[in-house]
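Residue numbers for the sequence shown follow our numbering, beginning at 4 and rising by one. Just so it is clear, CB atoms sit at the ideal spot from N, CA and C, and this is done for glycine as well. Shown next, in structure tokens, is the structure this report addresses.
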Amino acid sequence: MPTFSIYAHEVLVGYSSLELGDPPMGVAFGIFRPASGYSNIRAECISNHADQTHLALTVRTEDQTVLICSGVGIMDCDDGPDSIEVNVLGISYPAYETLFPEHVAAYERQWN
Numbered sequence: 004m005p006t007f008s009i010y011a012h013e014v015l016v017g018y019s020s021l022e023l024g025d026p027p028m029g030v031a032f033g034i035f036r037p038a039s040g041y042s043n044i045r046a047e048c049i050s051n052h053a054d055q056t057h058l059a060l061t062v063r064t065e066d067q068t069v070l071i072c073s074g075v076g077i078m079d080c081d082d083g084p085d086s087i088e089v090n091v092l093g094i095s096y097p098a099y100e101t102l103f104p105e106h107v108a109a110y111e112r113q114w115n
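See the structure below:
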């Protein structure tokens, strides 16, 4: 599974495999593994789950291509490093299917 890099204002704040998803909604999410830059935004991610647009969060693929999406959010409930989640919303097709074929396959298996 690929590793995606999460940035806030061009500063690397963490990584995720985005191991789960909802293909019809264009959503991918997964465990967020903080990088050193996360300390700069952590307090905001803990206190504000509603609107993190001012953090300018972006996701990049392993080749540093910015993933085009509607929004990115980091859900940190201050329960330890293994409890932080990143959500990527509004990933369009065909990019979603190309980046997350396992999510699409799992979704399709539900209906077979």
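Could you tell me which of the options sits nearest to residue i, measuring between CA atoms?
| i | options | result |
| --- | --- | --- |
| HIS52 | MET28, GLY33, GLU65, GLU88 | GLU88 |
| PRO26 | VAL107, ASN115, TRP114 | VAL107 |
| GLU65 | LEU23, LEU102, PHE35, SER50 | LEU102 |
| GLY40 | ALA109, PRO104, LEU60, MET4 | LEU60 |
Taking only the alpha-carbon atoms, compute the straight-line gap between residue i and residue j and give it to the nearest angstrom.
| i | j | result |
| --- | --- | --- |
| PRO37 | ARG112 | 33 Å |
| CYS48 | ASP54 | 10 Å |
| ILE9 | GLY24 | 17 Å |
Give the C-beta separation of residue i and residue j to the nearest angstrom, bearing in mind that I take them to be a contact with Cβ-Cβ under 8 Å.
| i | j | result |
| --- | --- | --- |
| PHE7 | TYR18 | 7 Å |
| VAL14 | ASN90 | No, VAL14 and ASN90 are not in contact; Cβ-Cβ is about 19 Å, not under 8 Å. |
Query raised in the report: Is the segment 97-105 close to the segment 79-86, with three or more CB pairs under 8 Å?
Result: no
**Report entry** Whole runs of the beta strand (DSSP E) within the segment 40-113, excluding any shorter than 3 residues
**Finding:** 60-63, 74-78, 88-92
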